[in-house]
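Input: a single structure, listed below in structure tokens.
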Amino acid sequence: MMNNLFTELRRRNIFRVAGVYAVVGWILMQVVSVMTPALNLPDWVDSFFAVALIIGFPIALLLAWAFEMTPEGMKRTESVAGGDSIAGKTGRKLDFAILGGLLLVAVLVVGNRFMPQKMPTPEITQQAQADNTDEKPSIAVMPFEDFSAAKDQEYFASGISEELLNVLSRIDGLKVSSRTSSFAFKEREASTGEIAEALGVKHILEGSIRKSGTTLRITAQLIDTANDEHMWSETYDRPLTAENIFAIQDEIAAAIVAELKGRLSLSPIKQAPRTSSLEAYELYLRARQQMNKRKPETLRAAVAGFKQVIALDPKFAPAYSGLADTYMLMQSYTDMLEDESLRLAKPNVERALELAPNSAESLSTSSYFASQNKDLEKAVAFADRAIAANPNYADAYLRKYNSFRATGVGHDSLAIIKKAQALDPLSAVILSNVSYEQLQIGDWSGARKTMSDNVRWNPDSPFGFIGLAALDYQDGEYASAHSLLKDAQALNPEAAQIQNFLANIYMDVGMYDAALAASKQPNDRAHALLLTGKRQQSLKIGLDNTENVNRGYILYLHGDLKTAYPHLRKFVTDNNLSGLSANVGLAEMFASFAFVLQKNGDGDADILMGKLETYLGTETAADKTIGLDLIAGTLLHLLKGDTDAAYIWLDRYLDLGFADIPLLKEPPFDPLRGTPKFTEREKSMAENAAKHRALIEAQLANPKPNWVKVEP
Numbered sequence: 016m017m018n019n020l021f022t023e024l025r026r027r028n029i030f031r032v033a034g035v036y037a038v039v040g041w042i043l044m045q046v047v048s049v050m051t052p053a054l055n056l057p058d059w060v061d062s063f064f065a066v067a068l069i070i071g072f073p074i075a076l077l078l079a080w081a082f083e084m085t086p087e088g089m090k091r092t093e094s095v096a097g098g099d100s101i102a103g104k105t106g107r108k109l110d111f112a113i114l115g116g117l118l119l120v121a122v123l124v125v126g127n128r129f130m131p132q133k134m135p136t137p138e139i140t141q142q143a144q145a146d147n148t149d150e151k152p153s154i155a156v157m158p159f160e161d162f163s164a165a166k167d168q169e170y171f172a173s174g175i176s177e178e179l180l181n182v183l184s185r186i187d188g189l190k191v192s193s194r195t196s197s198f199a200f201k202e203r204e205a206s207t208g209e210i211a212e213a214l215g216v217k218h219i220l221e222g223s224i225r226k227s228g229t230t231l232r233i234t235a236q237l238i239d240t241a242n243d244e245h246m247w248s249e250t251y252d253r254p255l256t257a258e259n260i261f262a263i264q265d266e267i268a269a270a271i272v273a274e275l276k277g278r279l280s281l282s283p284i285k286q287a288p289r290t291s292s293l294e295a296y297e298l299y300l301r302a303r304q305q306m307n308k309r310k311p312e313t314l315r316a317a318v319a320g321f322k323q324v325i326a327l328d329p330k331f332a333p334a335y336s337g338l339a340d341t342y343m344l345m346q347s348y349t350d351m352l353e354d355e356s357l358r359l360a361k362p363n364v365e366r367a368l369e370l371a372p373n374s375a376e377s378l379s380t381s382s383y384f385a386s387q388n389k390d391l392e393k394a395v396a397f398a399d400r401a402i403a404a405n406p407n408y409a410d411a412y413l414r415k416y417n418s419f420r421a422t423g424v425g426h427d428s429l430a431i432i433k434k435a436q437a438l439d440p441l442s443a444v445i446l447s448n449v450s451y452e453q454l455q456i457g458d459w460s461g462a463r464k465t466m467s468d469n470v471r472w473n474p475d476s477p478f479g480f481i482g483l484a485a486l487d488y489q490d491g492e493y494a495s496a497h498s499l500l501k502d503a504q505a506l507n508p509e510a511a512q513i514q515n516f517l518a519n520i521y522m523d524v525g526m527y528d529a530a531l532a533a534s535k536q537p538n539d540r541a542h543a544l545l546l547t548g549k550r551q552q553s554l555k556i557g558l559d560n561t562e563n564v565n566r567g568y569i570l571y572l573h574g575d576l577k578t579a580y581p582h583l584r585k586f587v588t589d590n591n592l593s594g595l596s597a598n599v600g601l602a603e604m605f606a607s608f609a610f611v612l613q614k615n616g617d618g619d620a621d622i623l624m625g626k627l628e629t630y631l632g633t634e635t636a637a638d639k640t641i642g643l644d645l646i647a648g649t650l651l652h653l654l655k656g657d658t659d660a661a662y663i664w665l666d667r668y669l670d671l672g673f674a675d676i677p678l679l680k681e682p683p684f685d686p687l688r689g690t691p692k693f694t695e696r697e698k699s700m701a702e703n704a705a706k707h708r709a710l711i712e713a714q715l716a717n718p719k720p721n722w723v724k725v726e727p
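Converting from the sequence shown to our numbering requires adding 15 to each position, the first position being numbered 1.
Right, dumping it as structure tokens:
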């Protein structure tokens with residue numbers, strides 16, 4: 016009986032139909048798996064086709080059993096006469112269909128794995144070969160797209176991209192563009208060529224993630240930017256666990272190494288610290304995303320997130336490093352004071368280094384902390400170790416740059432920031448520092464272009480606006496600088512740097528109440544109170560300040576040079592001020608501090624004055640157009656006792672329309688105070704200030720919709 020059944024199944028082509036169905040079904044599922052993400056279809060499309068194919072299988076077999084092809088068409092098997100049956104011919108056709116389908120499957124599988132890519136044109140090939148000769152392989156990891164049905168996994172997609180970037184950055188011989196620059200294209204329409212040119216890379220890794228219940232799909236593809244060809248592509252379907260996520264990252268990195276073999280070291284990839292907790296990992300990705308936005312509310316959210324990660328996995332070093340970095344960022348982006356910021360960061364810096372002493376992230380965080388604590392030698396040492404651990408870690412170069420800039424060691428700071436820029440060319444912070452270096456060499460037009468690019472690439476960051484405001488301020492365009500600062504403040508209302516800058520502009524033009532309202536910083540408030548005649552309140556703030564330089568500066572403004580001296584003397588020693596070169600940012604401070612040292616018989620006053628003379632060069636006042644340079648020249652000649660020369664520099668300052676009412680109230684001008692000549696200059700200063708004040712008051716009377724309103 017079984018033999019008869021088997022014979023009948025073969026006669027009715029049941030086995031052949033099953034084979035054709037399996038081959039066609041497999042091909043169909045491959046098409047669906049490719050087209051679903053490409054067309055941005057929902058998650059359930061894959062499942063729908065899979066279920067439909069499973070349900071259709073027994074139906075196809077039943078139809079093959081019940082019906083048969085005849086010359087007249089489809090008929091029920093029972094009604095077909097023996098001579099009419101063409102089951103044998105149909106079976107042979109099905110055999111050919113099966114063989115053809117299997118051949119197609121083989122071509123698809125083998126082609127995907129082993130077939131060479133389409134050859135580029137000779138011109139492109141020659142260029143690519145030249146590039147390969149001149150530079151090491153380079154890659155940018157673009158933000159992965161979220162193809163999940165609810166579109167609620169953007170943080171996870173971005174986090175996976177960032178972690179992949181971190182894995183790739185540890186491959187010897189591969190240059191990896193940093194996160195900030197790669198993610199600048201997240202909301203932008205740009206071609207592969209445009210991205211490659213902006214980031215300076217030869218390859219781009221892009222992809223998508225899809226989470227559905229307890230399963231995860233990650234699709235990644237490597238693109239050669241010289242010809243826009245896909246070098247490699249793969250889809251990974253795994254159960255959703257932390258181990259599988261890390262495994263996929265390693266597999267993608269290994270595939271890229273294989274594609275670029277001969278150009279890269281095949282040594283094992285240096286691994287960063289990892290967690291086995293999926294919940295901790297997802298919370299970590301969320302916290303990193305919040306920290307990277309660098310806004311008051313997102314930094315506070317990041318603190319809460321990193322604390323949750325630490326509670327779930329107390330041995331996950333990156334969470335401690337992230338928490339420490341966030342606390343230190345809060346002194347710049349929120350109203351948190353420096354002492355509190357460093358107090359909160361300290362135990363997390365130490366724990367991160369204890370758990371992962373050779374991690375670039377832990378070492379870079381330690382460098383940041385040492386720099387904030389004015390231990391600049393240690394900061395440089397930690398930064399060097401971070402760079403050795405991961406030569407693609409732009410933050411480590413930035414930490415080293417900040418330390419070199421603070422110590423004034425040679426010209427290394429320029430070389431270091433250029434290395435950081437090569438890795439992260441669109442970073443708002445790095446571009447700001449590049450523009451600073453351009454200012455030091457007198458390239459004002461270059462600095463303005465860099466800051467304009469900063470605003471263009473980073474419209475949600477205040478740095479570009481602050482940089483342009485500083486340039487306008489130096490040109491005496493106070494109203495323009497004020498408008499740019501208000502734009503920056505709209506992006507970060509709590510940033511101390513912006514508050515300080517606004518308060519200084521308000522004081523320059525005589526808007527003392529506005530200065531008090533603008534800033535919560537002790538120095539600004541003490542200075543504004545002094546200008547309004549509230550000397551005791553101002554002095555109390557100065558004496559309550561724990562920072563030597565701040566306390567000393569307030570005492571200097573009050574004319575108490577003897578009490579100010581030990582505080583400023585300590586600052587000069589601790590920060591090697593005598594070993595620094597004066598520049599546009601330090602010139603006025605050098606002059607003020609030299610005055611205090613001189614009045615207390617300190618020989619280092621002559622050293623600071625010499626630095627000022629070197630900076631100002633042989634140019635006369637008539638050659639100068641920068642406000643701070645003219646102030647420095649005025650103060651320098653007062654220190655030298657050359658009153659006539661001081662007036663020449665001051666008059667140039669006033670003739671160019673600059674205004675700084677508080678300047679003429681400072682102690683170096685005391686010997687001139689009350690004389691007709693000086694009174695005339697005070698009047699000119701007041702007139703200049705009134706013009707600028709009117710423009711600023713007009714702006715505040717008709718503010719832009721996004722400006723932060725500050726009540727006096």
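Note that beta-carbon positions come from the ideal geometry of N, C-alpha and C, so glycine has one too.
Remember, it's a predicted structure, so these values are computed and weren't measured experimentally.
Using three-state DSSP, classify residue 153 as helix, strand or coil. In this structure, residue 153 counts as strand in the three-state DSSP scheme.
Alpha carbon to alpha carbon, what distance is there between residue 297 and residue 361? Distance between residue 361 and residue 297, taken at the CA atoms: about 25 Å.
To the nearest angstrom, report how far apart residue 329 and residue 376 are at their CA atoms. Approximately 17 Å, taken between the alpha carbons.
Alpha-carbon to alpha-carbon, residue 486 and residue 462: Each residue's alpha carbon lies about 8 Å from the other.
Is the CB-CB distance between residue 383 and residue 359 below 7 Å? No, the Cβ-Cβ distance between residue 383 and residue 359 is not below 7 Å.
Taking the C-alpha atoms as reference points, what is the distance between residue 684 and residue 533? Taking the straight line from one Cα to the other gives about 28 Å.
On the DSSP letters alone, give me the boundaries of the beta strand (DSSP E) that residue 351 sits inside. It is not in any beta strand (DSSP E) - residue 351 carries neither H nor E in the DSSP assignment.
Can you tell me the Cα-Cα spacing of residue 321 and residue 175, whole angstroms? Here the alpha carbon of residue 321 sits roughly 17 Å from the alpha carbon of residue 175.
Could you pull out every residue in the same chain whose Cβ sits closer than 7 Å to the Cβ of residue 417, ignoring the five residues on either side in sequence? Counting only Cβ-Cβ distances below 7 Å, and skipping sequence neighbours, we find 386.
When DSSP labels each residue in this structure, what does residue 722 get in the three-state scheme? Residue 722 falls in the coil class under three-state DSSP.
Can you tell me whether residue 74 is buried or exposed, with buried defined as 16 or more other CB within 10 angstroms of its CB? In the assembly as shown, residue 74 is an exposed residue. Its beta-carbon has fewer than 16 other beta-carbons within 10 Å.
Going by DSSP in three states, residue 160 sits in which element: helix, strand or coil? When DSSP states are grouped into helix, strand and coil, residue 160 belongs to the strand group.
So, under 8 Å CB-CB, residue 642 and residue 631 are touching, yes? Tell me the CB distance rounded to an integer number of Å. That pair is no contact at about 13 Å.
Going by Cα to Cα distance, which pick from 610, 241, 488 and 701 is closest to residue 212? Ranking 610, 241, 488 and 701 by CA distance to the CA of residue 212 puts 241 first.
Looking at the strands, I want to know which residues DSSP matches up with residue 555. Per DSSP, residue 555 has no beta-bridge partner at all.
Taking the C-alpha atoms as reference points, what is the distance between residue 458 and residue 317? If you draw a straight line from the Cα of residue 458 to the Cα of residue 317, it comes to about 38 Å.
Using DSSP's beta-bridge definition, name the partner residues of residue 13. With the chain represented from 16 up to 727, any question about residue 13 goes unanswered, as that position is not in the structure.
Using the three-state DSSP reduction, which class does residue 675 fall into: helix, strand or coil? Looking at residue 675 - three-state DSSP - the assignment turns out to be coil, as it is neither helix nor strand.
Over what stretch of residues does the alpha helix (DSSP H) that includes residue 248 continue unbroken? Residue range 244 to 254 is occupied by the beta strand (DSSP E) that includes residue 248, with no alpha helix (DSSP H) assigned at that position.
In the DSSP assignment, what are the bridge partners of residue 190? Paired residue(s): 153.
So that I know if they touch, is there some Cβ in chain D lying closer than 7 Å to that of residue 217? The chain inventory of the structure shown lacks chain D, comprising one protein chain alone.
Along the chain, where does the alpha helix (DSSP H) containing residue 577 start, and where does it finish? Run containing residue 577: 576 to 589, per the alpha helix (DSSP H) assignment.
If we ignore side chains and look at the alpha-carbon of each, how far apart do residue 687 and residue 191 end up? If you draw a straight line from the Cα of residue 687 to the Cα of residue 191, it comes to about 59 Å.
Note down the Cα distance separating residue 437 from residue 472, rounded to an integer number of angstroms. If I take the Cα positions, the gap works out to 16 Å.
Assign residue 223 to buried or exposed, taking buried as 16 or more other Cβ atoms, counted over all protein chains shown, within 10 Å of its Cβ. So residue 223 counts as buried.
Look up residue 497 in the DSSP assignment and say whether it is helix, strand or coil. The answer is helix: DSSP assigns residue 497 an H, G or I state.
Which residue from 255, 723 and 157 puts its Cα closest to that of residue 513? 723 is the residue among 255, 723 and 157 whose C-alpha sits nearest the C-alpha of residue 513.
Might you give, ordered along the chain, the residues of its own chain that have their beta carbon closer than 6 Å to the beta carbon of residue 141, omitting 5 neighbours on each side? Below a pLDDT of 50, predicted positions are generally treated as unreliable, and residue 141, at 31, falls in that range; no measurement from the model is reported.
Under a three-way DSSP split, which group does residue 218 fall into? The DSSP-derived three-state label of residue 218 is strand.
I'd like to confirm the pairing. Which residues does DSSP put opposite residue 42 in its beta bridges? As DSSP reads the structure, residue 42 sits in no beta bridge.
Bounding residues of the alpha helix (DSSP H) (the contiguous stretch that carries residue 293): Membership of residue 293 in the alpha helix (DSSP H) is indicated by the continuous run 293 to 308.
At what residues does the alpha helix (DSSP H) containing residue 198 begin and finish? Taken as a continuous stretch (DSSP letters only), residue 198 belongs to no alpha helix (DSSP H), as it is neither H nor E.
Exposure of residue 702, with buried meaning 16 or more beta-carbon neighbours within 10 Å: Exposed: under 16 other Cβ atoms inside 10 Å.
Which of helix, strand or coil DSSP assigns to residue 713: Three-state result, residue 713: helix.
For residue 271, the residue or residues it bridges with in DSSP: For residue 271, DSSP records no beta bridge to any residue.
Look at the Cβ atom of residue 543, then the Cβ atom of residue 531, and state whether they are nearer than 7 Å. Judged by their CB atoms, residue 543 and residue 531 are nearer to each other than the 7 Å cut-off.
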